[in-house]
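> Mapping of the sequence shown onto my numbering: residues 10 to 428, in sequence order.
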Amino acid sequence: MGTKTIVRVKGTQDFLDLTLFSFIVRQFEQHVLLYHFEEIETPILEHVELFRRSLGIYTDVVSKEMFLIDAHGEQDEQLCLRPEATAPTMRVFLEQQPLLPWKVYSYGPMFRYERPQKGRYRQFHQLNMEVVGSSSISQDSQLITMLDRFFHENLTLNNYALQLNFLGSYADRENYLKVLRAFLDGVNGICKTCQERKEKNILRIFDCKSPTCQELFEDAPTMVDHLSDESKKEWEQLQQELSLLSVTFSYNPRLVRGLDYYNKTVFEFTSDSLGAQNAFCGGGRYDQLANQLGSKQTYPALGAAIGIERLLLLLEPLRDTLALPQPKPLYVLMPLSEEQNSLALLIADALHAANLVTDTLLDGDSLKSMMRRANKMGAAYALIVGDQEQQAKTVLVKNMMTGDQEQVAQIDLINYLRR
Ligand code: HAM
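(1) Based on the DSSP output, what are the partners of E55 in its beta bridges?
(2) H134: buried (16+ other C-beta within 10 angstroms of its C-beta) or exposed?
(3) DSSP three-state call for R427: helix, strand or coil?
(4) Express the C-alpha separation of S351 and Q414 in angstroms, rounding to a whole number.
(5) With distances taken between CB atoms, is the gap from L29 to E325 smaller than 8 Å?
(6) List the endpoints of the continuous beta strand (DSSP E) containing V417.
(7) Flag N300 as yes when its Cβ comes closer than 7 Å to any non-hydrogen atom of the ligand HAM, and as no otherwise.
(8) Around the C-beta of P97, are 16 or more other C-beta atoms found within 10 angstroms, so that it is buried, or is it exposed?
(9) For L156 and C290, which I take to be in contact (beta-carbon distance under 8 Å), what is that distance rounded to the nearest angstrom?
(10) Measuring alpha carbon to alpha carbon, tell me which of L360, N408, I199 and N272 ends up nearest T221.
(11) With 16 as the cutoff for other CB atoms within 10 Å, does R381 come out buried or exposed?
(12) In this structure, how does DSSP classify M343 when only helix, strand and coil are distinguished?
(13) In terms of alpha-carbon separation, which member of P336, H56 and L171 lies closest to E83?
(14) Once the 5 residues before and after E250 are set aside, which same chain residues still bring their CB inside 7 Å of it?
(15) Secondary structure at N184, three-state DSSP: helix, strand or coil?
(16) Using the C-alpha atoms, what's the distance from E50 back to D23?
(17) Would you list the one or two residues that DSSP bridges to I315?
(18) Which residue spans inside the region 59 to 124 form an unbroken alpha helix (DSSP H) run of at least 4?
(19) Does the region 219 to 234 come close enough to the region 123 to 132 that 3 or more CB-CB pairs lie under 8 Å?
(20) Just how far apart, CA to CA, sit G395 and K337?
(21) So, at 7 Å on beta carbons, what are the nonlocal neighbours of P110 in its own chain, with the 5 sequence-adjacent residues on each side left out?
(22) Which ranges would you report for the alpha helix (DSSP H) in the region 138 to 204 if only whole runs of at least 4 residues count?
(23) For the ligand HAM, I want to know if E318 counts as a neighbour, meaning its beta carbon is within less than 7 Å of at least one of the ligand's heavy atoms.
(24) Take E243 and list the residues in its own chain whose beta-carbon comes closer than 6 Å to its own, dropping the five residues that flank it on each side.
(25) In or out: K218 buried (at least 16 other Cβ within 10 Å) or exposed?
(26) Within the continuous beta strand (DSSP E) that includes F276, where are the two ends?
(27) Count Cβ pairs between the region 359 to 374 and the region 341 to 350 that sit closer than 8 Å; are there 3 or more?
(28) Return the first residue and the last residue of the beta strand (DSSP E) that L254 is part of.
(29) Pull up the CB-CB distance for Y270 and Q301, whole angstroms please, since I reckon it's below 8 Å.
(30) Report yes if the CB atom of G284 is closer than 8 Å to the CB atom of K127, and no otherwise.
(31) If contacts are defined as beta-carbon pairs under 8 Å, then I53 and R91 qualify, I think. What distance do you get, rounded to the angstrom?
(32) May I ask you to report which of helix, strand or coil DSSP gives N210?
(33) Between V16 and V34, what straight-line distance do the alpha-carbon atoms span, to the nearest angstrom?
(34) Return the CA-CA distance between L264 and V275, expressed in angstroms with no decimal places.
(35) Less than 7 Å separating the Cβ of G195 from some heavy atom of the ligand HAM?
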């Protein structure tokens with residue numbers, strides 16, 4: 010009719026084989042349960058205001074990448090699809106006031122209106138974990154160790170690096186920003202975007218891709234050289250504890266992260282095999298997010314999120330070496346004509362009740378093409394019921410590997426298949 014077919018929305022993906030995807034999620038769940046995290050789930054829809062207050066209005070995510078939703082004219086209710094899960098988790102915490110420290114994880118789709126490219130989508134999935142209500146820097150050491158063990162031990166990854174920086178307390182940061190601004194006042198030739206960043210979101214200058222800017226910023230003052238004594242102690246403790254736990258990291262004074270709520274510890278797990286979008290996990294501490302969201306009380310907190318699509322890119326080449334779950338044997342039931350469909354339904358029902366994975370070919374076809382299909386489906390056995398079997402109350406059971414076949418009484422079928 011000449012009507013165009015509808016294709017998927019730009020920047021989204023369809024997953025037809027979820028083996029690796031589900032493997033990651035399951036391994037993650039098992040791993041974080043060992044550290045006593047609990048699962049939560051929050052809505053995909055949130056108030057835009059939640060992210061304006063937490064991520065910051067000048068961040069890329071809030072200023073350019075929000076998927077806004079028409080909330081049917083309810084003016085004070087501007088809604089959006091969540092771009093991340095930390096602010097929503099803190100919102101839940103403040104609404105429900107659970108026991109402290111609150112250690113939770115969640116998993117699901119996030120939405121950012123970014124320019125799609127390898128490893129960057131408009132709908133992507135994160136495994137997110139947060140610890141709310143703990144100010145101990147050892148908690149940061151343990152969270153980072155938990156992640157490193159997950160990537161290295163559970164997923165057997167080797168080709169990655171852990172980058173670490175320390176942004177200090179909010180007061181340290183204010184002091185440092187003054188020093189940084191003074192430094193920028195003294196350099197000529199920074200790009201237009203960085204000039205804007207200098208006014209609005211100065212730390213983001215370190216993300217600039219322009220070689221000129223990168224060179225100019227090489228001499229920029231670093232945050233860790235402008236920490237208070239207390240922060241300096243914490244920064245040292247963090248590095249010592251990670252070393253004690255044999256977690257390899259590299260200090261990256263340029264790592265500032267794209268969201269405004271961070272203070273103190275920030276980190277990213279990156280891999281050169283990912284190309285330009287090289288971070289597959291990022292996180293840090295955000296001690297004042299609760300206050301930014303309107304809480305009078307301060308709840309120091311920290312967390313991280315893993316980008317599942319990027320982890321998939323890293324794991325795909327290792328697929329054959331991973332302990333992926335093996336599918337159970339498949340039985341394919343073939344009624345030879347429509348007359349046997351009802352009998353096939355009864356047999357299938359009994360097999361399902363006995364926990365045997367059974368598919369039933371109900372659309373009528375020649376035995377030859379049904380056998381061909383069963384082969385493609387990876388069937389272990391074909392279970393054929395024709396007129397003759399119906400009369401004799403048997404099933405013709407054919408072993409797809411050996412080609413051996415045998416008439417089996419319907420009443421004995423389950424025992425026969427289980428032997
Ligand atoms: P984030 O660095 O914005 O942090 O995202 C975490 C991870 O999500 C990234 O390292 C990346 O792997 C993945 N990711 C981000 N954007 C995309 C995209 N467009 N396409 C594919 N993958 C993407 C956060 O979201 C913080 N909420 C993390 C956190 C939790 N901090 C404290 N707690």
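We put the beta carbon where it would ideally sit given N, CA and C, even for glycine.
Remember, predicted model here, so these are calculated numbers, not experimental data.
With the structure as the only source:
(1) In the DSSP assignment, E55 is bridged to C89.
(2) Classified as buried, H134 has 16 or more neighbouring CB atoms from the shown chains inside 10 Å of its CB.
(3) In the structure shown, R427 sits in a helix (DSSP, three-state: H, G or I).
(4) Cα-Cα distance, rounded: 23 Å.
(5) Their beta carbons are under 8 Å apart, which means L29 touches E325 by this criterion.
(6) Where V417 is concerned, the enclosing beta strand (DSSP E) stretches over Q414 to A418.
(7) N300 Cβ: outside cutoff for every heavy atom of the ligand HAM.
(8) Buried, by the Cβ-count rule.
(9) For L156 against C290, the beta-carbon gap comes to about 6 Å, under 8 Å, which counts as contact.
(10) Out of L360, N408, I199 and N272, I199 has the C-alpha closest to the C-alpha of T221.
(11) Residue burial is scored here from C-beta neighbours: R381 has fewer than 16 other C-beta atoms within 10 angstroms and is therefore classed as exposed.
(12) DSSP, reduced to helix, strand and coil, places M343 within a strand of the structure shown.
(13) E83 has its Cα closest to that of H56, out of P336, H56 and L171.
(14) Counting only residues of its own chain and dropping the five nearest sequence neighbours on each side, E250 has a CB closer than 7 Å to the CB of S147 and S150.
(15) It is helical.
(16) Going from the Cα of D23 to the Cα of E50 covers about 22 Å.
(17) Beta-bridge pairing links I315 to L136 and C290.
(18) Runs of the alpha helix (DSSP H) inside the region 59 to 124: 69 to 73 and 95 to 105.
(19) With the cut-off at 8 Å, the region 123 to 132 and the region 219 to 234 do not touch.
(20) Rounded to whole angstroms, the separation of the alpha carbons of K337 and G395 is 26 Å.
(21) V140, V141, G142 and S143, listed in sequence order.
(22) You should have 146 to 158 and 179 to 194.
(23) Yes; taking the cut-off as 7 Å, the Cβ of E318 has a heavy atom of the ligand HAM nearer than that.
(24) Closer than 6 Å at Cβ, skipping near neighbours: I146.
(25) Counting Cβ neighbours within 10 Å, K218 comes out exposed, since fewer than 16 surround it.
(26) Looking at the DSSP string, the run of the beta strand (DSSP E) that includes F276 is N272 to T279.
(27) Proximity of the region 359 to 374 to the region 341 to 350 meets the contact definition, three or more beta-carbon pairs being nearer than 8 Å.
(28) Note, L254: premise wrong, no beta strand (DSSP E); not H, not E.
(29) At roughly 7 Å, the Cβ-Cβ gap stays under 8 Å, so Y270 and Q301 are in contact.
(30) A distance below 8 Å separates the beta carbons of G284 and K127.
(31) Right, their Cβ atoms sit about 6 Å apart.
(32) Annotated three-state conformation of N210 is coil, per DSSP.
(33) For V16 and V34, the distance between alpha carbons rounds to 27 Å.
(34) One C-alpha to the other measures close to 7 Å.
(35) Remark: the C-beta of G195 is outside contact range of the ligand HAM, defined as less than 7 Å to any heavy atom.
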